[in-house]
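First the structure, in the form of structure tokens, and then the observations on it.
Protein chains in written order, with my numbering: chain B, -4 to 394; chain L, 2 to 455; chain E, 1091 to 1364.
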């Protein structure tokens, strides 16, 4: 605000210039601010109709959303004091999600939604869920009618289902071996067997994470619970990890291990029972690598107690390679320029992870520096971006 | 000719006005156009589809009449008949073991064959002998043998060129004993032979008559090794201006659509006949290589295959014989426009057999097959298929190359080659002084050759 | 480059012909049965591998009696998945070719696999000189496992496999031509039938949707075949030799087998597959 000059005396020259200068600066600043907010608004407009959702510690606002079919953007503002994740659920299946939204910050999630009714998670696992209604549009109706045959994808999808079946069986075997060690009271053995069991899980994590409820009981970290590690709901792999590597005790672990076996048996059934359309096959891989790039590589929080994160990353890459191989024939026919990009990104991430190999396993993640973690994250990002190109290249979302 | 009783008026009303006796007589003759008897009823059309007419007033065992029994081919010529000759309805391929013990016998064999073939193809009255003696002719065709379009084609097998007759040096360069291909299940009893004789005529019985004549005349010189008869389904004569259509095989497809033009002498000289001055022995000029394959078709399985799949396996439209996407059998598929096989699959039978590139022009063959139907197998399935016969100037570049390209084709699921052999078809008999096989014998006269070292 | 769905369809050759009488089954509905079938085939091949190991161990040890006993129960695991094995024609030839397929018969150098060993065991009553053939058979079976693991099963081959198995039965099992030395054809017969029924069972919901009467007829014919075969079961879960099959039972099998072959040949069409 410019100083009001007194009506009688004219101010000294320097002051006048100073005032004039600050006015100019102010106007300029105002102009810049106006320009910046216009750009920001324009950016938001480019994402047209961003839906704003505010997460409070124990609720979400609004808790009932409605958008038209097609592309939608959700801006999630985390006004709680925890890092939280936010998901769109189609029944039991996760359609879109964003993990690790830091307290006080916001993230935008873009989703391409078909008409229907969905649920949305709201921060802590114990918080009530919200609803999302996606209404049909003329365009979505037309797309539904024009939906062509997808016979070319039957092969890859079948192979992936066989992969899920074999890997799930392997997971059950691995966790059963872990349970036996726990039962035998052998802490050292149990710690050793935790690693392959986790790797087996990570090889199917991309698909398991569609099953929200099950994934929570199998894979949820302490942070998602009100009372963290002390929360009676804290179970699954990380509860076992906490006991084995932090508390260094097997006390009370048998029921947890047995429950985990029951849950992963159900997981296998569910993985085989849920149909997976082609665009989902690709999007789950992209999502898995994005969470690696954006969250898990830098935080080291996934395996907070055992620091076996690299073991999990390598297993995620195995699953990624499987999907790439299954789509290779279609890609070389319809997206030939994309394949070399994907292949080199896979090779680069593989080489990066191999750099951490120690004997048969991987270095403990707490020994991996922040810069090295960033390198892992970067390479995972390059791969995720390359894989993101598959959907438009093969027209999967148009199917 | 026995008199044919006048036809009674049909019970249903024919569209045309009532015919007089001679018109009805001619109608009956037309009815048996190709010597097919009652089956010919369907061909002649109009009033003849009435059931009353089908029950002809002729007697039950009256010989079906044919106006083609006197059709004949000239035996003499540069080339043998039965190769570029239009294929008639019935064929038979007989393989013989030659029992001759020396060259003298071999010459007697050839001269006798020559004499018999000349007679059978011309026709004429049978020699009558004292009734106390067995008749010289089987009598199947009656006291006067009718030619009935008969051609008899003589070819020699690789085994004839062994140590028995001193023919080894004259063996055609590419003549080998047939080697099985991967899908073959060759039965030794139906394979190879010293001599092959191909009989073709309008009727099975004419062929059989000829075979029995030859067997009777050469008891000490020929032993039947195996034989296979076959036929092709006749059709109504082609309308003027409409190209004739290839006869169908037992897969229900027209067979021979891609055959080179057998009426074009230049084409035949390039594809079928061994030319004079080639690297083949001089005596072989104007002969050809003959590949025979007895190919069983699994017809029940084929008949259970979706039409779309049948067409995609063969590479042709079933009803017309046209290439995929075409209308006429005579159309030539344009594979250059279809490099990925979206129209005609890359492993379709016709495309593998003849990829129609500049290079594969060297591998053309002349097909002249018949359909055979033998018996029933132990499993109750029908034993029928293709008596495949083809002719080419170079066996290696022709049949062997083509079949090698076909190895592994999807059609193999429905085929099982069980017999056949490779033979060299002898050059033609030029005149009365010549006889079948003479040029081969002359080329290997021991007196004109330096003494062979042991 | 992104193609419009129609262009993609055309280039993939997936549009049904205008005369298609059957609505194509939604492709995603095929994923479950096809992957379940691959899981089944993988399990069958695992059994084949372990049984073949035992069988060839007995052969190499010179234990004729055990080798003879293990011959037929081992083959069952091959016969049940034959249409998939046949996709690898070189392996099918080296594992399962019959003497007719070789011009030189038993003496043919490339006659190997089950039936060549069968000839020695049952016709010559000897295990002499079979070492190399036994090793070869083991290697081929393992090779088959690897190749099948890497194979994306084409939907039409899976569904068409049911008809292919019945063609096998109609051509070679009905007449006892498959195992001509051991006469253990009924084992193979049952293997083929079980394999075909497995495919029908996996696709049952989709088929029923298209034609419920059809599936009832198919079930009835399978039941008739199984009932007749069951008459020849032995106490140890095996089968009598083929020569024991009475003529009227052989005839009782032919009808349902041929009818199943006819009916199952329409399966691909009913599911809208090429």
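The C-beta atom is built at its ideal place from N, Cα and C for all residues, glycine as well. This one's a predicted model, so the numbers in the text were calculated from it and none came from an experiment.
Endpoints, beta strand (DSSP E) assigned at residue i
| i | result |
| --- | --- |
| residue 294 of chain L | 289 to 298 |
| residue 73 of chain B | 65 to 73 |
| residue 1134 of chain E | Looking at the DSSP string, residue 1134 of chain E is not in any beta strand (DSSP E); the run it does join, the alpha helix (DSSP H), is 1117 to 1151. |
Reduced DSSP secondary structure (H/G/I, E/B, other) of residue i
| i | result |
| --- | --- |
| residue 310 of chain B | helix |
| residue 382 of chain L | coil |
| residue 86 of chain B | coil |
| residue 1188 of chain E | coil |
| residue 128 of chain L | coil |
| residue 230 of chain B | coil |
| residue 244 of chain B | coil |
| residue 104 of chain B | strand |
| residue 319 of chain L | coil |
| residue 389 of chain B | helix |
| residue -1 of chain B | Only weak support exists for where residue -1 of chain B lies, its pLDDT of 44 falling under 50; the value from the coordinates is given anyway. It is coil, neither helix nor strand. |
| residue 81 of chain B | strand |
| residue 254 of chain L | coil |
| residue 343 of chain L | coil |
| residue 96 of chain B | strand |
| residue 71 of chain L | coil |
Residue-level contact to chain E via CB, residue i, 9 Å cutoff
| i | result |
| --- | --- |
| residue 385 of chain B | no |
| residue 192 of chain L | yes |
| residue 145 of chain B | yes |
| residue 98 of chain B | no |
| residue 53 of chain L | Here the model assigns residue 53 of chain L a pLDDT of 49, short of 50, so the residue's position is not dependable and the matter cannot be decided. |
| residue 31 of chain L | At residue 31 of chain L, the pLDDT of 49 sits below 50, so the modelled position is not reliable; the number obtained from the coordinates is stated separately. No - not a single Cβ of chain E is within 9 Å of the one on residue 31 of chain L. |
| residue 380 of chain B | no |
| residue 299 of chain L | yes |
| residue 309 of chain L | yes |
| residue 278 of chain B | no |
| residue 379 of chain L | yes |
| residue 159 of chain L | no |
| residue 165 of chain L | no |
In DSSP terms, what residue i is bridged to
| i | result |
| --- | --- |
| residue 456 of chain L | Absent from the model: residue 456 of chain L. The displayed extent of chain L is 2 to 455, so no value can be given. |
| residue 98 of chain L | L:224 |
| residue 372 of chain L | L:232, L:387 |
| residue 1176 of chain E | Answer by DSSP bridge pairing: none, since residue 1176 of chain E is not bridged. |
Residue i: first and last residue of the uninterrupted alpha helix (DSSP H) it sits in
| i | result |
| --- | --- |
| residue 183 of chain B | 182 to 197 |
| residue 1285 of chain E | 1275 to 1292 |
| residue 1345 of chain E | 1337 to 1354 |
| residue 1246 of chain E | 1245 to 1258 |
| residue 1318 of chain E | 1302 to 1320 |
| residue 78 of chain L | Premise fails: residue 78 of chain L is in no alpha helix (DSSP H) and is neither H nor E. |
| residue 491 of chain L | Summary: the structure shown does not reach residue 491 of chain L, with chain L confined to residues 2 through 455, and so no result is reported for it. |
Residue i at chain L interface by Cβ criterion, 9 Å
| i | result |
| --- | --- |
| residue 1362 of chain E | no |
| residue 1348 of chain E | yes |
| residue 1094 of chain E | Confidence is the limiting factor: at residue 1094 of chain E the pLDDT is only 46, short of 50, which leaves the residue's position unreliable, though a coordinate-based value still follows. So no, residue 1094 of chain E is outside the interface. |
| residue 1175 of chain E | no |
Chain B within 9 Å of residue i, Cβ atoms only
| i | result |
| --- | --- |
| residue 1295 of chain E | no |
| residue 1317 of chain E | no |
| residue 1359 of chain E | no |
| residue 1185 of chain E | no |
message = With three or more beta-carbon pairs closer than 8 Å as the criterion, would you say the stretch 1228 to 1237 of chain E touches the stretch 345 to 353 of chain L?
response = Output reads no: the stretch 345 to 353 of chain L does not touch the stretch 1228 to 1237 of chain E.
Notebook entry, point to check: At a cut of 8 Å, does the stretch 170 to 184 of chain B reach the stretch 248 to 256 of chain B through at least three beta carbon pairs?
Noted result: Verdict: yes, contact present.
Within the chosen definition, does the stretch 104 to 124 of chain B reach the stretch 62 to 73 of chain B through at least 3 CB pairs nearer than 8 Å? Using a C-beta cut-off of 8 Å, the stretch 104 to 124 of chain B makes contact with the stretch 62 to 73 of chain B, since at least three inter-stretch Cβ pairs fall below that distance.
*Give, in chain order, every residue of the stretch 126 to 138 of chain L whose Cβ lies closer than 7 Å to some Cβ of chain C.*
The displayed structure is made up of protein chains B, L and E, and chain C is not among them.
Margin query: Does the contact criterion of 3 or more C-beta pairs under 8 Å hold for the stretch 136 to 149 of chain L versus the stretch 248 to 259 of chain L?
Written below: Judged by Cβ distances under 8 Å, the stretch 136 to 149 of chain L makes no contact with the stretch 248 to 259 of chain L, as fewer than three pairs qualify.
Cβ contact (3+ pairs, closer than 8 Å) linking the stretch 114 to 125 of chain L and the stretch 393 to 401 of chain L:
These segments do not touch.
_Could you check whether the stretch 362 to 377 of chain L touches the stretch 58 to 76 of chain L, counting it as contact only if at least three pairs of C-beta atoms, one from each stretch, sit closer than 8 Å?_
Of all C-beta pairs linking the stretch 362 to 377 of chain L to the stretch 58 to 76 of chain L, fewer than three are shorter than 8 Å, placing the two stretches out of contact.
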